[in-house]
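Structure record follows, encoded as C-alpha cells.
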Amino acid sequence: MQVCHRDWLNALWTLKSLRAHCWSDFSLTVYLDFNVGPDVRSIFETHLLGIRIPRHEWLDEQVRLKLAPIAPTLAALWRAHHSPTLYKMVNAWICARNPRLLYLDPDVLFFAMPAELFDFIEKGSPEKVLGLFNVTRLPPADLADCGAFSVSESEVSEKYDLKLPRDFNAGIGVIQHDHIDWPFLEEVLATMRWIPDRTLLLDQTCLALLAARNGWERLDRKRYLVDEGAFCSETVAAHYFGSTRRDAFYVEGIPQVRWQNRH
17 MQVCHRDWLN ALWTLKSLRA HCWSDFSLTV YLDFNVGPDV RSIFETHLLG
67 IRIPRHEWLD EQVRLKLAPI APTLAALWRA HHSPTLYKMV NAWICARNPR
117 LLYLDPDVLF FAMPAELFDF IEKGSPEKVL GLFNVTRLPP ADLADCGAFS
167 VSESEVSEKY DLKLPRDFNA GIGVIQHDHI DWPFLEEVLA TMRWIPDRTL
217 LLDQTCLALL AARNGWERLD RKRYLVDEGA FCSETVAAHY FGSTRRDAFY
267 VEGIPQVRWQ NRH
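My numbering puts the first residue of the sequence shown at 17, with every later residue one more than the last.
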C-alpha cells in the first residue's frame, strides 16, 4: 500500500478492517510518500506490529540495481517521482516476498472475509494470468476514451493489437509477481504519447496493459463494490471508494465498520 499525507488515516482504517476479517497474520509493507510527516511512521508501527516501511534510500538503490537495467525510462520516472502510483507499483515489485501479492489502495474498507483474494494468494490460477482485480461498470461502447488510462486506448490497439480492459480497476487486486514484465512496459510507455494530467493512473495503465496481454480474472462486482452499490454485511466483502465517492468512506463506510464491530 502507498500512503500520502492526505490518506494515511484512511490507510489505517483499510488495514484494520482487513485484519478484522482475516484468519491469520500476513506480511505487510507500506510505502510512505515524500510528503508524509515523520510522526506518521511511528503511528503505523504502533498500530500495526511487524509492519515494514522501507526507506526511500534503500528503495532507490534497489531501483538502480534491479529496474534501471531492464526499464531505464521507468526507473528515471520513479527517481523523479513522476507518479506516486508508479512509485507504489515498483516498490511492491521490489519488496514482494511471495509469488503473489495483495495490492491495495488506502481508500478501501472490508466488511467480510475477502476469501477470493486470499484463495488466489494461496493457490494462484490454473491459467497464466496477471492476477485477480476489481472491476467497474463498463462505459458506453461508443465512448472513445473512458478516462481510465494514461495512454490512448486506440493507439495501444493499433500499435500492439491489444484492447485495454475498460472494466479494469487496480484499487484491489492480487498480482502474480513474475507476470510484471517491465521490458514490455518500458517499450510501450517509452514510445507512446501520454495523456496529460493522468499521472495518478500510471499503475492502472501498466497493469491493464499486462492484463490485456496475459489475461486476468475479475472479482465479483456484487461483493467488491467500486464507487457504487449499497452496503450489505451479508454479501459485500469490500468497497473501493474512488474519486467520485471518496467522501462516503467516512460518511457511510466507517459507520458500517464500527456497527459491525459492535455486533
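Note that CB positions come from ideal geometry on N, CA and C, so glycine has one too.
- Distances from the alpha-carbon of valine 172 to those of Asp194, Thr221, Leu159 put Thr221 closest.
- Shown here for leucine 125: same chain residues with a beta carbon closer than 8 Å to its own, the five before and five after excluded, namely Trp29, Thr30, Ser33, Ala254, His255, Phe257, Phe265, Gly269, Ile270, Gln272, Val273 in chain order.
- Between the C-alpha atoms of proline 115 and valine 145 there is a straight-line separation of about 13 Å.
- Rounded to whole angstroms, the separation of the alpha carbons of histidine 37 and valine 52 is 28 Å.
- Proximity to aspartate 55 across Ala228, Trp24, Leu75 peaks at Trp24, based on C-alpha coordinates.
- With contacts defined as CB atoms closer than 9 Å, valine 79 and leucine 48 fail to qualify as a contacting pair.
- Taken in chain order, the complete alpha helix (DSSP H) segments of 4 residues or longer contained in the stretch 161-241 are 169-176, 198-207, 218-230.
- Selection Asp76, Pro130, Thr260, Ile86 evaluated against lysine 104 yields Asp76 as nearest (Cα-Cα).
- Beta-bridge partners of arginine 116 (DSSP): Gln192.
- With contacts defined as CB atoms closer than 9 Å, arginine 182 and alanine 164 qualify as a contacting pair.
- The DSSP-derived three-state label of arginine 68 is strand.
- With fewer than 16 other beta carbons inside 10 angstroms of its own, serine 43 counts as exposed.
- When the five nearest sequence neighbours on each side are left out, the beta carbons in the same chain lying within less than 6 Å of the beta carbon of threonine 152 are those of Asp183, Asn185, Val242, in order along the chain.
- The count of Cβ pairs closer than 8 Å, one atom from the stretch 198-217 and one from the stretch 120-135, stays below three, leaving the stretches out of contact.
- The C-beta of glutamate 244 has fewer than 16 other C-beta atoms within 10 Å across all chains shown, which makes the residue exposed.
- A straight line joining the alpha-carbon of lysine 238 with that of isoleucine 188 spans about 14 Å.
- For histidine 97, the secondary structure class from DSSP, reduced to helix, strand or coil, is coil.
- It is roughly 9 Å from the alpha-carbon of isoleucine 69 to the alpha-carbon of phenylalanine 60.
- The Cβ neighbour count for leucine 225, taken over all protein chains shown within 10 Å, is at least 16; the residue is labelled buried.
- Secondary structure at threonine 152: coil, using DSSP grouped into helix, strand and coil.
- Sequence-distant partners of leucine 148 (beyond 5 residues in either direction) whose C-beta falls short of 8 Å from its own C-beta, in its chain, are Glu132, Leu133, Phe136, Ser141, Gly189, Val190, Trp232, Glu233, Arg234, Leu235.
- Nearest C-alpha to isoleucine 196 among Val106, Glu250, Val167: Val106.
- In the three-state DSSP reduction, histidine 63 falls in the helix class (H, G or I).
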